[in-house]
C-alpha cells in the first residue's frame, strides 16, 4: 500500500515530464508507423497514380501529362483484357476454395487431438515461407521433364502409354492452358490458405460457448450448428479473411512471374505481372502504372464496403 | 507511471541511437596518390593454363591512355551472374586489380539476369545507384536515362578496329545518332543436337535447313518419342527462336528504316512453319518452358534439337562427358530461300545512367576499354561462351588452329565448336535488319512474337489472323516511341 499511496500523490505543477503527456506520447509512438505508411505505401501510390496519367518511361520519369492515353492504350491490347479476366478469375476461384478449406481446417484444428500443435505449425508453414521460395518449389514439382508428380503417376500406372493420362510420359502442367491455370490456383490456395485458416480459427474460438452448448442441448447436429450458428457468427471474420486474401492476391505477381511468366501464351497473365512486363521490362512505365492501378478504384470501393458491412455484422 | 517513464526512456534512447548512427560521419578514405597523367601499357597476354595444346598466343600491345582520377572515384558495377560461373570468378578480381592500379574503388555485384531491368529502372527513377550496369539485351527503352557513350565507343573502334554489327545494333540508336551503351561481347546461339538421333534419321551432320529440321525432327519423334525443342513460351530462348525462323524465312518485324513489316507473306509462312513443326516434332511442354528448360531437356537426353548458347553443352560436359560427346553444335538453319540468320543469345552491354558523376563516368569508360583490351581472358574464362565485340582483341578465337579448332575445355572431337568461327556471318540482333530501338525492346519484353507463334501452333488462330493481331500491337508500340523521337521510319 505505501507504494500505491506514493503513486497517488499529485505531482506539482511544473514537474510534469514528456512521459506524463499521454496525447503527445501517443502521437510519438504512432509516428514511426505513420512515417512507414507514408513512405512505403503513400508516396509510391501517389507516384503510381501520377505516372499513369503521364508518358513517363523507364528512362525518363519527368512528368508530362497525357490524360487517359495510357488507359486507352492498355485497354486496346488483348493481353490486358486477358490479365484483367485472369486476375478476377484466379482471385475469386482461389478465395472460394480457400474459405471452404479454411473453415474445414479451422473446425478440425479446434478439436482436441494428439499432435494438434504440430498440425498447427505445419499449417502455417506455407504462409511463413518466402513466397518466391515456395513458388520455385512448385515450379520444380510441375516441371515439364522432372516433375516428381509425374514420376508418382507413372509409378502407379496413371501416366504413360495405355494409361488414363497417357500416352505421354509427362503431364506438361504449365504447357496446357487448363492445367496451367489450375496449377496457379493450387499454388495460390497453398499460399493463402494458412492465413485464412488462422483467422477463422481465431473466430471460432471467440464464439460464445454458451450458444453452442445451448444448441447442443436443443438437439442441433454438427451441420445445423455449423451452417446456422457458426457460419453466421463467423461472417464478420470471414469478411476479414476475404479482404486480406483479395488484397494479397490482387497485388501479387511473384507466383505468376516465377511459375508461368503469364504463359502458356498469355493465359495466366495477371494485372500485376503484365504491369511489370509492360512497365519495367518493356520500359513503358506509364502504361505499366495504368495497368497496375486499373482496379484500384474498384478495389478501394470493395474494401470500404466489406469493412462497413463487417462493422454492421459485428456481434457485440 | 513508473513503467511508462521507463518505456519512454528506452524508446527515446533507441530513437536517439538510430539517429546518431545515421548521422555518424563515414570513415574518411585515406589519401591516394594520383598521378597527373598516366599512360597505361596494357599487355594482352594469355595467363590461363590450357588443357590442350593451342597455337601460341599472339601478344597484342594496346596503349590506353587513362586520365587522372580524382580521389574518391568509385566504380560500382552491377552485372548478371554469368551462366558460366568461372567467368565471375575471373572478372571480379580482374576489375578490382584494375581499380587498385588506378586508384579507383571498384565493387562488382552480380544479380540474376532477370533482375537487371528492374535494377536499372529503380536506379534511374531514384537518381542514384550503380556506376554502370551490364544489360543482356538492348536497353534502348532506357535511353533517356542513360549517358551518351559515343566517345568511348569511338575510342574503342579506333583502338581495336571494327565492332561486330550485332553489338553496334544493340547499343546505338540511329534516331538520336547516339551510343547509349557499350557492348563488349555477345554470345552465339547455335543449334545443340543429339548426334546419334539425327544420324539415325539420315542427318549425320545434323539439320542444315528448316526443311531438314521438320523432316528429321518428325522422324525422330515418330521413331523414338523424343521431341525437339524450340520454345513458344514467354522467355528469352523462345523469343530468339521465333525471330530466327522469321528472319530465315525472309521476314522481319521492321525494315532497315524502322518501318513495321511484320504483316508479310514471309512472316505468315514462318508462323505456319512453326505450327507445323510443333504439330509434327514437339510437345505441349514448349508453351510452359523457362529459360533453363531446353538446356535441361537436352542434358536429360529428352530433346533431339534445341537453339541455345554452348552453356547447355558445357553443363553436360561437366556432368556426363560421354553424353556431351554425343551433342553436336550446328549453325543457324537456312530458310526456304537460303536466308540463314539467328539472333545472338545475349549481349554484354554496359550502360552508365545520367546520375553518375563525371569522375566515376571517366573511370567506368576507362574500365570498359581495359576489359576489351584483355578480352581474350574474358573469352577464355567464359569457356568460349563470350564472343568479342572487337575481333582483333581475341585472335586466339578465329585463327586456324586456335581455340575453336582445339577446344581447350575438352570437346571430343576437339574441333566440335569450329562452326562458331562463322557465327558472325549469320548472327543478327533484335530488330534486324533495323536497329534495336525502344519499340523493338518493348516487343521483345512483352513476348508478342512468341505468343503469335504459340497461338497458331495451338490451333487457336490462323497464321494470318495472328500476324494481323500482332501487327496492330506492334504498330501502336512503334507509334508511341516514334512520338518521343526515339524510333525512325513512318509506318
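Chains as they are written, first to last, in our numbering: chain A, 32 to 347; chain B, 525 to 1015. For each residue, glycine too, the CB sits at the ideal point set by N, CA and C.
* Asked: Using 8 Å as the limit for Cβ to Cβ distance, is residue 292/A near chain B?
  -> Yes - at least one Cβ of chain B is within 8 Å of the one on residue 292/A.
* **Beta-carbon gap between residue 123/A and residue 273/A smaller than 8 Å** => With respect to residue 273/A, residue 123/A sits apart: the two C-beta atoms are not nearer than 8 Å.
* Asked: What residues from the segment 660-688 of chain B come within 7 Å of chain A, judged by C-beta to C-beta, listed N to C?
  -> Of all residues in the segment 660-688 of chain B, 665, 666, 667, 668, 669, 670 have a Cβ within less than 7 Å of some Cβ in chain A.
* Shortest alpha-carbon distance to residue 623/B belongs to which of 983/B, 886/B, 958/B? -> That would be 886/B, whose Cα lies nearest to the Cα of residue 623/B.
* Asked: Looking at the C-beta of residue 975/B, does it have a partner C-beta in chain A at a distance below 8 Å?
  -> By this cut-off, residue 975/B is an interface position.
* Asked: What residues in its chain sit with their C-beta under 7 Å from that of residue 991/B, if we drop five residues either side in the sequence?
  -> Hits under 7 Å: 786, 787, 791, 792, 795, 976.
* Just by C-beta distance, which residues in the segment 634-660 of chain B are closer than 8 Å to chain A? -> Contact residues of the segment 634-660 of chain B toward chain A are 641, 642, 644, 645, 648, 649 (C-beta to C-beta distance below 8 Å).
* With a cut-off of 8 Å, do at least 3 Cβ pairs link the segment 204-215 of chain A to the segment 809-828 of chain B? -> The segment 204-215 of chain A is in contact with the segment 809-828 of chain B.
* Report the residue ranges of all beta strand (DSSP E) runs contained in full by the segment 849-902 of chain B; include only those spanning at least 3 residues, in chain order. => The segment 849-902 of chain B contains, as complete beta strand (DSSP E) runs of 3+ residues, the segments 851-854, 871-875 (chain order).
* When you compare only the Cα positions, how much space is there between residue 776/B and residue 1004/B? -> If you take the alpha carbons of residue 776/B and residue 1004/B, they lie about 20 Å apart.
* Identify each residue in the segment 78-91 of chain A for which the Cβ-Cβ distance to at least one residue of chain B is less than 8 Å, and report them in chain order. => Residues 86, 88, 89, 90, 91.
* Compare the Cα-Cα distances from residue 863/B to each of 700/B, 972/B, 772/B, 682/B and report the closest residue. => Comparing alpha-carbon positions, the option among 700/B, 972/B, 772/B, 682/B lying closest to residue 863/B turns out to be 772/B.
* Assign residue 659/B to one of three DSSP states: helix, strand, or coil. => It is a strand residue.
* To do: Compare the C-alpha of residue 654/B against each of 894/B, 609/B, 927/B, 635/B and name the closest.
  => It is 635/B whose Cα lies nearest to the Cα of residue 654/B.
* Mark residue 803/B as exposed unless 16 or more other C-beta atoms lie within 10 angstroms of its C-beta, in which case mark it buried. => Under a 10 Å Cβ-count criterion, residue 803/B is classified as exposed, with fewer than 16 other Cβ atoms of the shown protein chains found around its own Cβ.
* To do: Name, please, each residue of chain A whose Cβ falls closer than 9 Å to the Cβ of residue 759/B.
  => Residues of chain A passing the Cβ test: 292, 294.
* **Cutoff 8 Å; reference residue 287/A; Cβ partners in own chain excluding five residues on either side** => So the list reads 215, 293, 299, 300, 301, 303, 304, once near-sequence residues are dropped.
* Can you find a CB in chain A that lies within less than 8 Å of the CB of residue 969/B? -> With 8 Å as the cut-off, residue 969/B counts as an interface residue toward chain A.
* Interface flag, residue 813/B vs chain A, CB-CB below 8 Å -> The beta-carbon of residue 813/B is placed less than 8 Å from the nearest beta-carbon of chain A.
* Asked: Could you give the residue range of the alpha helix (DSSP H) that holds residue 715/B?
  -> Segment 715-718 is the beta strand (DSSP E) holding residue 715/B; no alpha helix (DSSP H) there.
* To do: Using 10 angstroms around the beta-carbon of residue 833/B, count the other beta-carbons present and answer buried if the total reaches 16, otherwise exposed.
  => Here residue 833/B is buried: its Cβ has 16 or more other Cβ atoms, across all protein chains shown, within 10 Å.
* **Counted within 10 angstroms of its Cβ, other Cβ atoms place residue 838/B as buried (16 or more) or exposed** => Residue 838/B is buried by the Cβ-count criterion.
* **Secondary structure of residue 604/B, DSSP reduced to three states** => DSSP places residue 604/B in strand when its eight states are reduced to three.
* Just curious, the beta strand (DSSP E) that residue 831/B is in, first and last residue? -> Run containing residue 831/B: 829-831, per the beta strand (DSSP E) assignment.
* From what residue to what residue does the alpha helix (DSSP H) around residue 122/A run? -> For residue 122/A, the uninterrupted alpha helix (DSSP H) segment begins and ends at 109-141.
* To do: Pick out whichever of 978/B, 598/B, 1006/B has its Cα sitting closest to the Cα of residue 297/A.
  => 978/B is the residue among 978/B, 598/B, 1006/B whose C-alpha sits nearest the C-alpha of residue 297/A.
* Measure the Cβ-Cβ separation of residue 854/B and residue 714/B and say whether it is below 8 Å. => Cβ distance < 8 Å, so residue 854/B and residue 714/B count as in contact.
* To do: Please report the Cβ distance between residue 778/B and residue 1009/B, rounded to the nearest whole angstrom; I am assuming they are in contact, meaning their Cβ atoms lie under 8 Å.
  => Between the beta-carbon of residue 778/B and that of residue 1009/B there is about 17 Å, and that puts the pair past the 8 Å contact cut.
* **Pair within 8 Å by beta-carbon distance, residue 108/A and residue 316/A** => Not a contact, by the Cβ cut-off of 8 Å.
* Return no unless some Cβ of chain B is closer than 8 Å to the Cβ of residue 314/A. => Yes, its Cβ sits closer than 8 Å to a Cβ of chain B.
* Cβ of residue 219/A within 8 Å of any chain B Cβ -> So, not an interface residue.
* Using alpha carbons as the reference points, say which of 841/B, 879/B, 844/B, 817/B lies closest to residue 205/A. => For the residues 841/B, 879/B, 844/B, 817/B, the minimum Cα distance to residue 205/A belongs to 817/B.
* Asked: Between which two residues does the alpha helix (DSSP H) carrying residue 618/B extend?
  -> Per DSSP, residue 618/B belongs to the alpha helix (DSSP H) from 609-626.
* Curious, which full-length beta strand (DSSP E) runs of at least 3 residues does the segment 234-320 of chain A contain? -> Runs of the beta strand (DSSP E) inside the segment 234-320 of chain A: none found.
* Asked: If you check the beta carbons only, do residue 782/B and residue 602/B fall under 8 Å apart?
  -> Annotated as distal: residue 782/B and residue 602/B, with beta-carbon spacing of 8 Å or more.
* Asked: What does residue 807/B reach in chain A if we use C-beta pairs closer than 7 Å?
  -> Residues of chain A passing the Cβ test: 199, 203.
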